[in-house]
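Participant: Residue numbers (our numbering): 714 to 1216. All residues carry an ideal CB built from backbone N, CA and C; glycine is no exception.
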Amino acid sequence: MWWYLLVPYICAGVIIVVSYVHWTRRKMYKTLATMSCPKTLPLIGHAHKFFNATAESIADGLKFFAEFPSPVVIHLGPSPQVAIFDPEQARIVLNSQNCLDKAFFYSFLRVPGTLISSPGPLWRSQRKALNSSLGPAILGSFIPIFNNKSAILVDLLEKYAGEPERDFSVDIAKCFLDQIYETAFGCNFSMQTSPEGDKTVDMMGDYMHIVSKRFFTIWQYPEVLYRMTDAYKTEQALLKAHHEITENIVRQVKFHEQINMTDEKFAALDGSSKTHNFIECLVKYMRTSVHTSQADIFSHIDMTLFAGNDTTAKSLSYVLLLMAMHPEVQERCYQEVMEVCPGEERFISAEDTANLTYLDMVCKEGMRLFPVVPIMARVTNNDVKLDGKYEHHTIPANCNIILGVYQMHRDPSIWGPNADQFNPDNFLPENAAKRHPYAYLPFSAGPRNCMGLRYARIAMKVTAAHILKKYRLRTSLTLEELRVSYGVMLNIANGVLMSLEKR
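(1) Which residue from 823, 1211, 791, 799 puts its Cα closest to that of residue 1015?
(2) Taking a contact to mean a Cβ-Cβ separation below 9 Å, would you say residue 1029 touches residue 1013 in this structure?
(3) Whole angstroms is fine: what's the gap from residue 831's alpha carbon to residue 838's?
(4) From residue 1076 to residue 975, what does the alpha carbon distance come to, in whole angstroms?
(5) How would you write the range of the alpha helix (DSSP H) that residue 839 sits in, first residue to last?
(6) Looking at the unbroken beta strand (DSSP E) that takes in residue 1187, where does it start and where does it end?
(7) Apply the 10 Å Cβ neighbour rule to residue 1024 and answer buried if 16 or more other Cβ atoms are within range, or exposed otherwise.
(8) What are the boundary residues of the beta strand (DSSP E) that residue 796 is part of?
(9) Residues in the same chain with beta-carbon distance under 7 Å from residue 741, minus the five sequence neighbours each way, listed in chain order, please.
(10) Nearest by alpha-carbon distance to residue 1088: which of 1115, 1064, 1099, 1072 is it?
(11) Is it true that the stretch 886-896 meets the stretch 855-871, where meeting means three or more beta-carbon pairs spaced less than 8 Å apart?
(12) Can you name, in chain order, every residue of its own chain whose Cβ lies under 7 Å from the Cβ of residue 759, other than the five neighbours on each side?
(13) Per DSSP, which residues does residue 1098 bridge with? Please list them.
(14) Just the Cα atoms here: how many angstroms apart are residue 1207 and residue 1095?
(15) Residue 738 to residue 816, Cα distance in whole Å?
(16) Quick one, which of 915, 1137, 1022 has its alpha-carbon nearest residue 1078's?
(17) Under 9 Å between the Cβ atoms of residue 1124 and residue 798?
(18) For the beta strand (DSSP E) containing residue 1213, name the first residue and the last one.
(19) Mapping DSSP to helix, strand and coil, what is residue 1117?
(20) When the Cα atoms are used, what is the spatial distance from residue 1203 to residue 978?
(21) What does the alpha-carbon distance come out to for the pair residue 1191 and residue 763?
(22) Have a look at the DSSP bridge pairing and note the partners of residue 904.
(23) Reducing DSSP to helix, strand and coil, say where residue 1141 ends up.
(24) Would you report the Cα separation of residue 1107 and residue 795, rounded to the nearest angstrom?
(25) Taking a contact to mean a Cβ-Cβ separation below 9 Å, would you say residue 1083 touches residue 856 in this structure?
(26) Hey, residue 1173 and residue 1188 are a contact pair by Cβ (cut 8 Å); roughly how many whole angstroms apart?
(27) Using three-state DSSP, classify residue 1173 as helix, strand or coil.
(28) Find out if the Cβ-Cβ distance for the pair residue 901, residue 1159 is shorter than 9 Å.
(29) Nearest CA to the CA of residue 883: which residue from 1067, 1128, 908, 772?
(30) Give the range of the alpha helix (DSSP H) segment to which residue 806 is assigned.
(31) Could you check the C-alpha separation between residue 1006 and residue 921 for me, to the nearest Å?
(32) My output table needs one value for residue 788: the three-state DSSP class, helix, strand or coil.
(33) Relative to the alpha-carbon of residue 772, which residue among 1086, 1127, 1166, 1153 has its alpha-carbon at the smallest distance?
(34) If distances are taken between C-alpha atoms only, which option among 992, 971, 746 comes closest to residue 899?
(35) Just to confirm, is the Cβ distance from residue 1051 to residue 1141 under 9 Å?
(36) Does the beta carbon of residue 834 sit closer than 9 Å to a beta carbon anywhere in chain D?
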């Protein structure tokens, strides 16, 4: 074939480009020379560790780098990434004003200009405007919604009692979809009882799978190359389908009408309520923002659904699976629930959730072993000098930083020799006090932490309490045989396989 004649020229071109990039970044490489760096291959660096990588093998790749003293330089071709596996280093990075920006591959989520992806200055204004949508006052008003949607879930699960094991992750995801649609947007779409619920959960799962695959397929990073793939076509089809739901939300809450109201009319409407949910705070913010296009509105709503629903649903699914594996822990949680809020039909109050201390420990331990966001990534906009015993290290400007949350959560030097085992006592107050506060990062930390962390913890405990009141959870799976797969979020490849037994 004639194109074989081009191969030498293509190879020569690649070598020239890579060599040029290396030369322009020589100062960066010199700064990074103080850090650990496993042996590299010419031109490609450590990229071979991720060639043909699957969602499951990525965990093994990062485990390899975590065995070196942190910070560790990972070279993906000519592009160096600094991997952090140390809590103190994580503290410095997550609190630095020079590390507020997210790494470029968060753009793959297609939610530009939102809390997930916005650069520092824009993020600050958004966070300030939207913080009150998850403040203590409004969180208390969400409790009845959490209870109502959880009660529906418990009733729907009854048909599976006494049946063989099945994967309950979709059922739990639909419950949390119902919760977030009503709490964040004031919409009741009845996802648990509508055929649309399964379609929506499947659609969101397929979309996250495509985005995750791109995260670890380096040649698809350039948008021009990615747009040539079948994955791009599938992604766009899924986004189009999802935006039909988003458009329905916008229509129901009369978003555009509120944005275009006169100041006097909006002030009267806004002042009629003491608390405001996410969509109401978003309307208020966008009335004063230059970013008010349909795409901007859709991005904010999509961001809330991706970040607020999927993460919480997966976290609770994994916690329930761990309870099923450890009957003695499950029984203790059940006894606590019945003591704090007795009666199968009784709803759980905000005060009850605060008193479910052992259940809280179990949820935290579940999120330690299976953090739904297994890695976080930032980019430096100026040099970041580490301090203390790491003061000889400086992370240069314009460098991606990868924080290995999953690896830190299972580090024996932090959690002891049984770091891979399930032990809720890790979160007894006296044990937690001995650990570095940044050793546990299920919701990130620092100024750009997860805004919805209190929402997630309350929703998880209310839903778990309702399930435990009515069912015993069983599983044939063991902790040792669970396989994790990496992506935007962490998945248990085995599935959330459980059986239910009525109490």
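Facilitator: Based on what the coordinates show:
(1) In terms of CA proximity to residue 1015, 823 leads the group 823, 1211, 791, 799.
(2) no
(3) 10 Å
(4) Roughly 46 Å between the two C-alpha positions.
(5) Where residue 839 is concerned, the enclosing alpha helix (DSSP H) stretches over 833-843.
(6) 1184-1187
(7) By the neighbour-count rule (16 or more Cβ atoms within 10 Å), residue 1024 is buried.
(8) 792-797
(9) 793, 1109, 1112
(10) 1115
(11) yes
(12) 751, 753, 787, 788, 789
(13) 1107
(14) 42 Å
(15) Distance between the alpha carbons of residue 738 and residue 816: 18 Å.
(16) 1137
(17) For residue 1124 and residue 798, yes; Cβs fall inside 9 Å.
(18) 1210-1215
(19) strand
(20) 45 Å
(21) 28 Å
(22) BP columns for residue 904 are empty, so no partner.
(23) coil
(24) 10 Å
(25) no
(26) Contact doesn't hold; Cβ gap of about 19 Å is too wide.
(27) helix
(28) no
(29) 908
(30) 800-808
(31) 24 Å
(32) strand
(33) For the residues 1086, 1127, 1166, 1153, the minimum Cα distance to residue 772 belongs to 1086.
(34) Comparing Cα-Cα distances from residue 899 to each of 992, 971, 746, the minimum goes to 992.
(35) no
(36) Looking for chain D here will not work: only one protein chain is present.
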